[in-house]
Every structure is written in C-alpha cells, then in structure tokens.
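Visitor:
Residue numbers (my numbering): 22 to 329.
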C-alpha cells in the first residue's frame with residue numbers, strides 16, 4: 022500500500038486497484054486526507070470490505086467494529102458493550118481469525134462461560150449469559166453484513182442463557198404503605214422510596230437527580246440521566262492514564278461536566294487513590310495544572326505502603 026502527497030492541495034490521496042464482487046479489476050482514487058496515516062487506513066479498510074472473507078484476528082476486527090458502531094450509540098450503551106468485549110470475548114477469541122472461528126469454537130466458549138464462577142462463587146445469571154452471546158453474535162453479524170464474512174458461527178452454535186429474567190415479586194400498594202410508615206423518621210430514605218415507588222424510576226435515575234431536575238412550580242420531576250460509573254481505564258504504561266483521571270477529577274471538583282451526557286451544576290467531591298505516583302511531585306502538580314479545586318479532592322496514598 023502507498024499514499025501520495027497532493028502538493029497543490031496540501032493533502033494526501035491513495036490510488037490502488039482491487040477486484041470487485043464480480044471479479045473485475047478496478048481502480049480506486051480517494052483524495053483529501055489530512056495525513057498519510059489516514060490515507061493508508063482508508064485503503065486498508067476499503068480493501069478489507071472488498072475481500073471475499075475476513076482473514077484477520079478477532080481483536081483487530083473489534084477495532085473496526087468499534088470505529089463503525091461507537092459514533093452511532095449513546096456513551097453508556099457503548100460502555101456496556103465494551104466491558105463485555107474486553108472482559109469476556111476478546112480474552113478468549115483475540116488471536117483467532119474471524120474466518121476460522123467455527124461453531125465448535127463458540128460452543129467451547131459457551132461451556133466456559135456456563136462453568137465460570139464469579140468472586141462470590143455463583144455462576145453468571147442466565148440473562149447475562151444471553152447478553153454476552155448476543156454481543157458475540159452482533160459482531161459476527163456486522164462482519165457478515167458489511168465485510169463479506171461468509172456466515173455467523175454463533176447462529177449455528179445455538180443459544181445459552183435466557184432473554185427474560187425470573188419473575189419478580191412486587192409490593193402491593195397496601196404492602197408499600199405499611200413499609201413507608203416504618204421509615205418516616207428517616208427523611209432521606211422516606212423521600213427516596215416515595216420517589217422510587219410513585220414515579221417508577223430506577224435506582225440509578227434517582228441517584229442522578231439534582232436540584233435543577235425538580236420543578237416545584239409545575240410539580241414535575243425531570244428524569245434525563247442515570248447514575249453510572251467508569252470502572253476501568255485501560256492502557257499501556259506511559260499512555261497517560263493517571264493524567265486523564267486527574268483531569269477528570271479536576272473538572273468535577275470545579276463543577277464541570279466531562280461529557281454531554283452528564284448534568285452537574287455544582288462542584289463534586291472526589292476521592293483519588295494512588296499506589297505509585299508521589300503526592301508532592303506528581304499528583305498535586307498535575308491537579309494544580311488542571312486547575313483543580315484541591316480542597317474538594319481527598320487522596321488515599323498507598324504509594325509508599327511497602328516501605329512501612
């Protein structure tokens with residue numbers, strides 16, 4: 022593969038030949054790339070889409086899948102998918118080629134997930150097994166639809182888990198009224214349960230409520246977000262993970278949102294735990310450089326734990 026500089030426009034372009042679906046040899050020209058890397062990435066992706074099958078590792082195709090799908094989804098939706106891929110799918114399939122993953126491979130993975138036990142010794146719930154399989158099937162469906170993979174091996178392997186959770190027991194109105202009488206002396210609990218029961222909102226939506234969501238004049242409660250957490254920041258040494266987290270902490274300490282899905286109106290208290298960076302020479306200077314309100318940031322320092 023080669024990319025060329027368009028001196029007149031100051032941009033890069035690619036020009037290459039490929040065989041279309043009929044087997045006919047054609048030439049492709051694409052201009053307007055800002056960098057040589059972007060031009061080469063376009064050529065690589067285009068040729069992959071024209072290929073008759075996918076001779077690439079699962080982990081590499083996941084990067085294409087993320088590039089295609091992530092911009093179309095809400096951030097929290099993508100994060101849910103990402104956790105399943107990073108923890109349950111990529112570790113197992115990462116080095117296998119997409120066009121070599123067979124229904125037998127899928128069945129072996131299914132059996133491992135069924136046997137696997139969580140930290141509390143319990144197996145995964147049937148609904149979670151079903152969710153994991155759905156995500157695995159989704160990436161193969163994407164490969165079939167857009168990258169000419171011959172078939173989806175997950176469909177042949179059959180399903181695991183179940184789509185619906187077990188039936189839940191709900192309080193009747195009479196049972197709830199008996200319960201709420203018992204917590205009248207605890208204002209926070211009382212109003213929290215009142216909102217949960219009468220409004221029918223989820224726990225995460227309750228925890229995300231702020232004063233601006235409550236319209237006392239019109240007697241309305243605006244449910245526009247849900248409380249969530251970012252559990253993992255993954256990367257190689259030197260990628261800047263600590264700097265990223267400290268910048269997030271700085272924004273929150275100033276009462277600023279970190280993305281368009283967050284809605285905070287006042288500064289937030291932050292607890293930061295470090296096991297390797299020194300407070301005086303690393304953590305505090307980075308917070309100050311990010312204009313953090315350090316009075317709102319508490320530090321748990323385990324960087325010198327082994328020295329005591």
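Using N, Cα and C, we set each Cβ at its ideal position, and we do this for glycine too. Please read all numbers here as calculations on a predicted model, not as lab measurements.
Judging by CA-CA distance, which residue of 69, 98, 97, 96 is the nearest neighbour of residue 85?
Guide: The shortest Cα separation from residue 85 among 69, 98, 97, 96 belongs to 69.
Visitor: At the level of alpha carbons, what is the spacing between residue 78 and residue 140?
Guide: Residue 78 and residue 140: Cα-Cα distance of roughly 30 Å.
Visitor: Going residue by residue through the stretch 34-118, where are the continuous beta strand (DSSP E) segments of at least 3 residues, counting only ones entirely within it?
Guide: You should have 46-54.
Visitor: Would you report the Cα separation of residue 199 and residue 175, rounded to the nearest angstrom?
Guide: Near 49 Å, if we compare the C-alpha coordinates of residue 175 and residue 199.
Visitor: Let me check one thing: in DSSP terms, what residues is residue 234 bridge-paired to?
Guide: In the DSSP output, where bridge partners are listed per residue, residue 234 has none listed.
Visitor: Any idea if residue 31 is buried or exposed, counting beta-carbon neighbours within 10 angstroms, 16 or more meaning buried?
Guide: It counts as exposed.
Visitor: Excluding the five sequence neighbours on either side, which residues of its own chain have a C-beta within less than 6 Å of the C-beta of residue 50, listed in chain order?
Guide: Excluding residues within five positions, the ones whose Cβ falls inside 6 Å are 36.
Visitor: Could you tell me whether the stretch 258-277 touches the stretch 304-317, where touching means 3 or more Cβ pairs closer than 8 Å?
Guide: Short answer: they touch.
Visitor: Could you name the residues of the same chain whose beta carbon sits closer than 7 Å to that of residue 119, not counting the 5 residues immediately before and after it, in chain order?
Guide: Excluding residues within five positions, the ones whose Cβ falls inside 7 Å are 75, 77, 79, 82, 164, 170.
Visitor: Quick check: what's the CA-CA separation for residue 294 versus residue 322?
Guide: Going from the Cα of residue 294 to the Cα of residue 322 covers about 6 Å.
Visitor: Just tell me which of 53, 167, 100 has its CA closest to the CA of residue 29.
Guide: Of the listed residues, the one whose Cα sits closest to residue 29 is 53.
Visitor: Whole angstroms are fine: how far does the CA of residue 48 sit from the CA of residue 59?
Guide: About 19 Å.
Visitor: Would you list the one or two residues that DSSP bridges to residue 138?
Guide: According to DSSP, residue 138 bridges with 144.
Visitor: Alpha carbon to alpha carbon, how far is residue 61 from residue 27?
Guide: Whole-angstrom Cα-Cα distance: 14 Å.
Visitor: Closer than 6 Å by C-beta to residue 40: which residues in its own chain qualify, once you throw out the five before and the five after it? Chain order, please.
Guide: For residue 40, where only same-chain residues beyond five positions count, the Cβ hits under 6 Å are 46.
Visitor: Taking the alpha carbon of residue 105 as the point to measure from, which residue in 89, 316, 125, 134 has its own alpha carbon closest?
Guide: Looking at the Cα atoms, 134 is the closest of the given residues.
Visitor: On the DSSP letters alone, give me the boundaries of the beta strand (DSSP E) that residue 295 sits inside.
Guide: That run of the beta strand (DSSP E) goes 291-295.
Visitor: Within the continuous alpha helix (DSSP H) that includes residue 197, where are the two ends?
Guide: Taken as a continuous stretch (DSSP letters only), the alpha helix (DSSP H) holding residue 197 covers 194-202.
Visitor: Going by the DSSP bridge assignment, what does residue 241 pair with across the sheet?
Guide: Looking at the DSSP assignment, residue 241 forms a beta bridge with 236.
Visitor: Leaving out five residues on either side along the sequence, give the residues of the same chain with a beta carbon under 8 Å from the beta carbon of residue 315.
Guide: So the list reads 274, 305, 308, 309, once near-sequence residues are dropped.
Visitor: Hey, how far is the Cα of residue 24 from the Cα of residue 38?
Guide: So the two alpha carbons sit approximately 13 Å from each other.
Visitor: Are the CB atoms of residue 285 and residue 231 within a distance shorter than 8 Å?
Guide: Yes, they are a contact pair.
Visitor: Counting only the same chain and skipping the five closest in sequence on each side, list residues whose C-beta sits under 7 Å from that of residue 102.
Guide: So the list reads 156, once near-sequence residues are dropped.
Visitor: According to DSSP, simplified to helix, strand and coil, what is residue 246?
Guide: If DSSP states are grouped into helix, strand and coil, residue 246 belongs with coil.
Visitor: Which residues does DSSP list as the beta-bridge partners of residue 26?
Guide: Its beta-bridge partners are 33.
Visitor: On the three-state DSSP scale, how would you describe residue 329?
Guide: Low confidence applies here, because residue 329 scores a pLDDT of 38, under 50, leaving its location unreliable; read the following figure in that light. The answer is coil: DSSP assigns residue 329 none of H, G, I, E or B.
Visitor: At what residues does the alpha helix (DSSP H) containing residue 318 begin and finish?
Guide: Not the alpha helix (DSSP H): residue 318 falls in the beta strand (DSSP E), residues 318-322.
Visitor: Within 10 angstroms of the Cβ of residue 327, are there 16 or more other Cβ atoms? Answer buried if so, exposed if not.
Guide: Confidence in residue 327 is poor, its pLDDT being 47 and thus under 50, which makes the residue's placement too unreliable to answer from.
Visitor: Taking just the CA atoms, how far does residue 57 sit from residue 276?
Guide: Rounded to the nearest angstrom, the two C-alpha atoms are 40 Å apart.
Visitor: Nearest CA to the CA of residue 115: which residue from 290, 205, 137, 160?
Guide: The candidate whose alpha carbon is nearest that of residue 115 is 160.
Visitor: Name the two residues that bound the continuous alpha helix (DSSP H) containing residue 220.
Guide: Run containing residue 220: 208-220, per the alpha helix (DSSP H) assignment.
Visitor: Using 8 Å as the threshold, is the C-beta distance between residue 248 and residue 217 below it?
Guide: The answer is no: Cβ separation not under 8 Å.
Visitor: Starting from residue 272, trace the alpha helix (DSSP H) both ways and give me its first and last residue.
Guide: Looking at the DSSP string, the run of the alpha helix (DSSP H) that includes residue 272 is 262-274.
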